[in-house]
Amino acid sequence: EGRTATWHGPSLRVEKYVDQGSEYKVTAWIKLIEPASSQLQLSSQIGSGSSANYVALSPKTISTSDGWVQFEGTYRYNSVGNEYLTIYVESSNNATASFYIDAISFEKTSAGPVEIEKDLIPVKQAYQNDFLIGNAITAEDLEGVRLELLSMHHNAATAGNAMKPDALQPTKGNFTFTAADAMVDKVLAEGMLMHGHVLVWHQQSPAWMNTVQDGQGNTVPLSREEALENLRTHIRTVMEHFGDKVISWDVVNEAMSDNPPNPSDWEASLRQSPWYQAIGPDYVEQAFLAAREVLDEHPEWDIKLHYNDYNEDNQNKAQAIYNMVKAINDKYALDHPGKLLIDGIGMQGHYNINTNPENVKRSLEKFISLGVEITISELDIQAGSNHQLSEQLANAQGYLYAQLMKIFKEHAAHISRVTFWGLEDSSSWRAASNPLLFDKNLRAKPAYFGVIDPDTFIQEHQPDSKDANQSTAMYGTPGIDGTVDPIWSQAPEMSIHQYQTAWQGATGVARTLWDDHNLYVLIQVSDAQLDKASVNVWEQDSVEIFLDENNAKTTFYQADDGQYRINFDNETSFNPPAIAEGFVSATKISGTNYTVEAKIPFKSIKPANQVKIGFDAQINDAKDGARQSVAAWNDTTGNGYQDPSVFGVVTLDGKPASPGNGGGSDTGSGGGG
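Here the sequence shown stands for residues 28 to 700, where the numbers follow the working numbering.
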């Protein structure tokens, strides 16, 4: 108890029990004290200092009502971390959670040392005429069998943690390069190239860089001048230290907020990070100017300056990033004709098997049009859960890897590097969802074969195509009061029971009606408990309605597309925010069940019989402040917030013919709202 960081707590040194190369099972019983619910995980640290590897062995979300819960995971210690190995418990999303730990065990399994498959085609060889193949590394990857796998398949490396701001300058003026130097020198000695990651970021950066404690003990932003001085000093010192040992730098990482509602205003779309609050929206430009200044003093260095970000397949975020890079480069070119300030964009590529590759391609081509180089900087694809991966999901993962590598190869003239974020599943930051090309025993997965020969893999693993669900909206105007009027009985039921999550929780049915002005939606939800404790609206008990008026099935939102969210207390949120105009909803609670009624004005189509609209309905099921289940009528991907192609189809029908005006009387303007 009394913790202030997610990793705080006791750790147990275990190196004296480890035979290098063998696998060990770690077990602990944990009982949560507070809060009511938290994700906890059993973890292991391999090595000390900034080049250490931190492995999540067994993450679980548990509640105080669960009592004692057993956590269990396995890990193969191919490195003994310079004789520093620990096991510990952390609370990955709550720095102050308190809990009991008991009955800890650490025991060798029957799985002994492994060797790599030397008869495989090296990934770097398959793409030797296209782009570099990189990997994210810790010190653990630079010895023994892991180094064999790394150097066989890759010709570039990125430090997972060792070159981040908190690793290189933990306290002001105290630069600690030892671990990073050892890593860079080893990478270069192995004949690989090194990418620098990262100079400016809102995470893994010490608080002194951009904040200070005021007289009342509150954390407040530093003055612009002092924060800028810290930013410039860090950039210059680090870049001059490593010199031309690196080929490129992520100068700024993850500055853009997720799914910004108005990407045309890129400054307003920036994440309100400590750097932003101390310096202002020009901190991104100032960081690149500081880095460019160093390079201008060293014309003999050939180093590229990159902006790096994730969720870049979201079209709103991609557009905001595009607008930012274009504005900064255009401004720089006024005084430096023909020159770029930002040389490249890193598309991180943290995807899942439901990611739509068309959105990745769309963003890639958008960024290429800026005239900058592109890297795929942190690629991994989540599939399965709890360290389990079925054959079907493994093939689906391989299929998406194949689709993506095919796209990257087609655009290879503009892509300098594709970097996978980790060597094998068990040491990945997303270990539980098996995201990489090799499994914990360093054996190639279908993902590897999808990468190595995309065309053949796609040809041999065609996925089952599923037609979108179809339903009908009948003509009629209900009152919007949360009460189920008799008029709803004529509308067909749509069962909301396609789960996007492993856990199958709340379910329900939806119905739709329409008139000459509005679509009406009724959703009746069956739930076990009602919870809106989370500050994230999508993690509250709520329903979501998705609408694509022209049913264009695009993979990105157009002006006629929208996402409407209503929780059980009738609190609403919208994507994009502008669609709130004219929307009316009402809810009624019965025990732990609830009913939602909504009126959505048609904005772009003229409703009539046989008009088809894209439609989906979703139920978010929350418990103890976290979302435990998501069910939808049609979409199983969870991408409906950015991809209308996953919606079902509803056909408008039932409007009686009327002489003179080709349809029924105009009864819909009031809508009962």
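Think of the CB as a built atom: it goes at the ideal place given N, C-alpha and C, for glycine as much as any other residue.
Comparing C-alpha positions only, which one of the options sits nearest to residue i?
i: Q424; options: V478, V387, P604, L177; result: V478
i: K272; options: L159, P37, V211, F158; result: V211
i: Y102; options: D46, I89, S65; result: D46
i: N356; options: Q346, G371, E405; result: G371
i: N201; options: S78, T260, E608; result: T260
i: V321; options: V677, F269, S455, A295; result: F269
i: T678; options: S417, L574, Q645, Q66; result: L574
i: R263; options: A282, S284, P192; result: P192
i: D494; options: S178, W448, N661, H35; result: N661
i: G161; options: P140, L464, S78, D680; result: L464
i: N383; options: I408, D362, G398, E400; result: I408
i: P290; options: S284, V536, G532, Q346; result: Q346
i: S77; options: A194, M236, E50; result: A194
i: F629; options: Q72, L540, P37, R30; result: L540
i: S64; options: N80, T91, S38; result: T91
i: F610; options: T599, I616, E50; result: T599
i: G218; options: S178, A209, P288; result: S178
i: T663; options: N496, T581, P634, Y584; result: N496
i: N381; options: D596, S85, T528, T614; result: T528
i: G187; options: V638, R592, A55, V82; result: V82
i: S453; options: L249, F476, T483, N413; result: N413
Are the Cβ atoms of residue i and residue j separated by less than 8 angstroms?
i: P473; j: A421; result: yes
i: H181; j: K145; result: no
i: K43; j: E99; result: no
i: R173; j: H229; result: no
i: L546; j: A500; result: yes
i: W530; j: S656; result: yes
i: I523; j: A659; result: yes
i: V279; j: A234; result: no
i: V311; j: M351; result: yes
i: W448; j: E487; result: no
i: S1; j: K331; result: Look at the range of the chain in this structure, 28 to 700, and you will see that residue 1 is not part of it.
i: I89; j: L112; result: no
i: T205; j: P197; result: no
i: I401; j: M432; result: no
i: I403; j: G376; result: yes
i: F601; j: Y591; result: yes
Which word fits residue i, buried or exposed, when buried means at least 16 other C-beta atoms lie within 10 angstroms of its C-beta?
i: G242; result: exposed
i: A458; result: buried
i: S692; result: Note that S692 scores a pLDDT of 34, beneath 50, so its modelled location is shaky; the value from the coordinates is reported in the next line. Exposed is the call here.
i: W95; result: exposed
i: Y303; result: buried
i: D129; result: exposed
i: T185; result: buried
i: Q155; result: exposed
i: A605; result: exposed
i: R40; result: exposed
i: L361; result: exposed
i: N563; result: exposed
i: I148; result: exposed
i: H222; result: buried
i: D491; result: exposed
i: S70; result: buried
i: D651; result: buried
i: Q645; result: buried
i: S617; result: exposed
If I'm right that residue i touches residue j with Cβ under 8 angstroms, what's the distance once you round it to whole angstroms?
i: S631; j: N578; result: S631 to N578, Cβ: 11 angstroms. No contact.
i: D277; j: L226; result: 7 angstroms
i: E520; j: R538; result: 6 angstroms
i: N286; j: N341; result: 5 angstroms
i: A649; j: D542; result: The pair is not a contact, with the Cβ atoms about 33 angstroms apart (cut-off 8 angstroms).
i: P671; j: G641; result: 5 angstroms
i: D168; j: A439; result: Between A439 and D168 the Cβ distance is about 26 angstroms, and since that is not below 8 angstroms, they are no contact.
i: L416; j: N461; result: 4 angstroms
i: L159; j: A183; result: 4 angstroms
i: R444; j: L368; result: Incorrect: roughly 20 angstroms between the Cβ atoms, too far for contact.
i: E451; j: L469; result: 6 angstroms
i: G532; j: T614; result: The pair is not a contact, with the Cβ atoms about 19 angstroms apart (cut-off 8 angstroms).
i: A79; j: G108; result: 7 angstroms
i: G665; j: D643; result: Incorrect: roughly 11 angstroms between the Cβ atoms, too far for contact.
Measuring CB atoms only, is the segment 611-623 touching the segment 543-550, in the sense that at least three cross pairs come out at less than 8 angstroms? yes
Within the chosen definition, does the segment 58-67 reach the segment 123-140 through at least 3 CB pairs nearer than 8 angstroms? yes
Are the segment 114-122 and the segment 390-405 touching, with three or more C-beta to C-beta distances below 8 angstroms? no
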